[in-house]
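Trainee: One structure, as structure tokens, below. Some questions next.
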Amino acid sequence: DTGAEDVHLKVICCGVCHTDIHQVKNDLGMSNYPMVPGHEVVGEVVEVGSAVTKFKAGNVVGVGLLVGSCGACLPCQSGIEQYCKNKIWSYNDVYTNGQPTQGGFATAMVVDQKFVVKIPQGMAPEQAAPLLCAGLTVYSPLSHFGLKNRSGLRGGILGLGGVGHMGVKIAKAMGHHVSVISSSNRKRDEALDHLGADEYLVSSDVPRMQEVADSLDYIIDTIPVEHPLDPYLSLLKVDGKLILMGVIKSPLQFVTPMVML
18 DTGAEDVHLK
28 VICCGVCHTD
38 IHQVKNDLGM
48 SNYPMVPGHE
58 VVGEVVEVGS
68 AVTKFKAGNV
78 VGVGLLVGSC
88 GACLPCQSGI
98 EQYCKNKIWS
108 YNDVYTNGQP
118 TQGGFATAMV
128 VDQKFVVKIP
138 QGMAPEQAAP
148 LLCAGLTVYS
158 PLSHFGLKNR
168 SGLRGGILGL
178 GGVGHMGVKI
188 AKAMGHHVSV
198 ISSSNRKRDE
208 ALDHLGADEY
218 LVSSDVPRMQ
228 EVADSLDYII
238 DTIPVEHPLD
248 PYLSLLKVDG
258 KLILMGVIKS
268 PLQFVTPMVM
278 L
């Protein structure tokens, strides 16, 4: 049913995030079945509730990882619902009425208008879909830490998977100098020639890593497996930001003095 604040949309396409695979396989030990995954959803508005003002039938819209929040806490009141302790995920969760949430690998969704965004006219749905997860995953911390409107910053992207790709493109669009950091030379051409990164660093090249110590304003770590953090902390300037993005089952560890030095 379409409530007063709801947007009913017909799903056009939905991206496949690796998190969806984790959830389907219960890799994180928190999956609830039956499950309809999908949180990179692009669709066409079919119907809107009586209180909906931002959308109308025929609009192409997107839905990401969240479909609800408490609306009363400080993060919600500040427009940063992703930090709400009672946020509602787009699937593998429950609404406040106890009904399970189901994602975008479906023909339709009904979502509160607060968690729906317009897709710009002319943007292909399949191009927009990954922005609703990988794109937001990178954009959100850059915005939260005040880095997005500061051209000339020097950033590092650790790992060049799906989120890493987005990190390079979005950071470059913000006018940042971007270094991709990887464990081998395998993705050098992709990073420099196809994505437009400014520099490519191989973490095992100790002399080069020492040369670029204290040079980065931030590092976005997208590696989804256990890995040491110490080699990368030394790359950050004083007050530099290390932003952890990878979904990892085991704790990441570092030597405490490295944070203080």
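Counting from 18, one number per residue, gives the positions in the sequence shown under the working numbering.
Where is the CB? At the ideal position from N, CA and C, for every residue including glycine.
By Cβ distance below 8 Å, which residues in the same chain neighbour L238 in space, the five residues on each side in sequence not counted?
Mentor: The question names Leu, but residue 238 is Asp in the sequence shown. Once the five neighbours on either side are set aside, the close Cβ partners of D238 are L175, G176, L246, Y249, L259, I260, L261, M262 and G263.
Trainee: Measure the C-alpha to C-alpha separation of K165 and D234 and round it to an integer number of angstroms.
Mentor: C-alpha separation (whole angstroms): 12 Å.
Trainee: Can you tell me the Cα-Cα spacing of S107 and R225, whole angstroms?
Mentor: Roughly 43 Å between the two C-alpha positions.
Trainee: Which class does A125 belong to by DSSP, given the choice of helix, strand or coil?
Mentor: DSSP places A125 in strand when its eight states are reduced to three.
Trainee: Buried or exposed for D129, going by 16 or more other Cβ atoms inside 10 Å?
Mentor: Buried, by the Cβ-count rule.
Trainee: May I have the straight-line CA-CA distance separating V195 from P158, to the nearest angstrom?
Mentor: If you take the alpha carbons of V195 and P158, they lie about 16 Å apart.
Trainee: Could I get the ranges of all uninterrupted alpha helix (DSSP H) runs contained in the region 142-217, with 4 residues as the minimum, in chain order?
Mentor: Listed in chain order, they are 142-145, 151-161 and 179-190.
Trainee: Which of the three DSSP states, helix, strand or coil, is assigned to Y108?
Mentor: Here Y108 sits in coil by DSSP.
Trainee: Within 10 angstroms of the Cβ of G96, are there 16 or more other Cβ atoms? Answer buried if so, exposed if not.
Mentor: By the neighbour-count rule (16 or more Cβ atoms within 10 Å), G96 is not buried but exposed.
Trainee: Inspect the CB distances between the region 141-151 and the region 206-225 and report whether three or more fall short of 8 Å.
Mentor: With a cut-off of 8 Å, the region 206-225 and the region 141-151 do not count as touching, because too few Cβ pairs lie within range.
Trainee: Identify every residue that forms a DSSP beta bridge with I237.
Mentor: According to DSSP, which records beta bridges pairwise, I237 is partnered with I174 and I260.
Trainee: Is it buried or exposed for R171, if we count other Cβ within 10 angstroms and need 16 for buried?
Mentor: So R171 counts as buried.
Trainee: Quick check on the DSSP output: what are the complete alpha helix (DSSP H) runs of length 4 or more inside the region 63-122, in order along the chain?
Mentor: With a minimum length of 4 residues, the continuous alpha helix (DSSP H) runs that stay inside the region 63-122 are 91-94.
Trainee: Taking buried to mean at least 16 other C-beta atoms within 10 Å of its own C-beta, is I38 buried or exposed?
Mentor: Counting Cβ neighbours within 10 Å, I38 comes out exposed, since fewer than 16 surround it.
Trainee: Roughly how many whole angstroms lie between the Cα atoms of C31 and N202?
Mentor: Between C31 and N202, the C-alpha separation is close to 32 Å.
Trainee: Tell whether a beta-carbon distance below 7 Å holds between V63 and H25.
Mentor: Yes, the Cβ-Cβ distance between V63 and H25 is below 7 Å.
Trainee: What residues in its chain sit with their C-beta under 8 Å from that of N43, if we drop five residues either side in the sequence?
Mentor: Excluding positions up to five away in sequence, the list is empty.
Trainee: For P54, is the classification buried or exposed, using 16 other Cβ atoms within 10 angstroms of its Cβ as the cut-off for buried?
Mentor: Classification of P54: buried, given that the 10 Å Cβ count is 16 or more.
Trainee: To which residues does DSSP link L250 through a beta bridge?
Mentor: Per DSSP, none; premise fails for L250.
Trainee: Roughly how many angstroms lie between the CA atoms of F122 and V33, to the nearest whole one?
Mentor: Near 9 Å, if we compare the C-alpha coordinates of V33 and F122.
Trainee: Evaluate L252 with the Cβ neighbour count: other Cβ atoms within 10 Å of its Cβ, from every protein chain shown; 16 or more gives buried, anything less gives exposed.
Mentor: Under this definition L252 is a buried residue.
Trainee: T118 and V80 - do their beta-carbons sit closer together than 7 Å?
Mentor: Not in contact: V80 and T118 (Cβ atoms no closer than 7 Å).
Trainee: Taking all protein chains shown into account, do 16 or more other C-beta atoms lie within 10 angstroms of the C-beta of V111, making it buried, or fewer, making it exposed?
Mentor: Result: exposed.
Trainee: Who are the Cβ neighbours of F132 in its own chain at under 6 Å, not counting the five residues just before and after it?
Mentor: So the list reads L83 and V84, once near-sequence residues are dropped.
Trainee: Cβ of A214 within 7 Å of Cβ of V185?
Mentor: Closer than 7 Å, so yes.
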